[in-house]
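Residue numbers (my numbering): 5 to 154.
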């Protein structure tokens, strides 16, 4: 008995359609990869010195740090300052970990002097930690003072 070629084509087409309709597995929204951002600095402090404003902070040495982004509020005359008020922070500079101006005490404590300050003005700072690929974590606590120049 001879088979009809259209019958074979029909079964092949239905089988192919069945494979296409069933898909390749579970369908759903894609899940983004979990990326661990650097931890925020929690103990940023500032003090006045002859050189400028000294910023000090500590950080977990296990972090793979690439840079620190120094944020500073606009300078305000000391008698017009409002230390508890929200500040408008602007990027001041990006400090690579290998920067000679960045001082470190062991692997955990860091300090940096902001030289571009004037006595009698209020300055507030925050620092953002970025990893070696450029991904940055949350900003640190706020730390501010009226620079005395002493």
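Idealized CB from N, CA, C, for every residue including glycine. Every value quoted in this text rests on a predicted model; they were computed, and no experiment measured them.
Strand pairing of residue 61, partner residues [DSSP]: 114
Proximity winner among 53, 26, 138 and 122, relative to residue 154 (alpha-carbon distances): 53
Neighbour flag for residue 122 against chain B, beta carbons, 8 Å: You won't find chain B in this structure, because it holds only one protein chain.
The alpha helix (DSSP H) enclosing residue 99, as first and last residue numbers: Run containing residue 99: none in the alpha helix (DSSP H); it sits in the beta strand (DSSP E), 93-100.
Beta-carbon proximity of residue 125 to residue 150, cut-off 8 Å: yes
DSSP state of residue 137 mapped onto helix, strand, coil: coil
Cutoff 8 Å; reference residue 75; Cβ partners in own chain excluding five residues on either side: 93, 94, 95, 96, 129, 130, 131, 132 and 143
For residue 80 and residue 106, the rounded distance between their alpha carbons: 26 Å
Straight-line Cα distance separating residue 51 from residue 123: 12 Å
Contact set for residue 57: own chain, Cβ-Cβ below 8 Å, skip 5 residues either direction: 50, 51, 117, 118, 121, 127, 129, 149 and 151
Residue closest to residue 70, alpha-carbon to alpha-carbon, out of 113, 145, 140 and 46: 140
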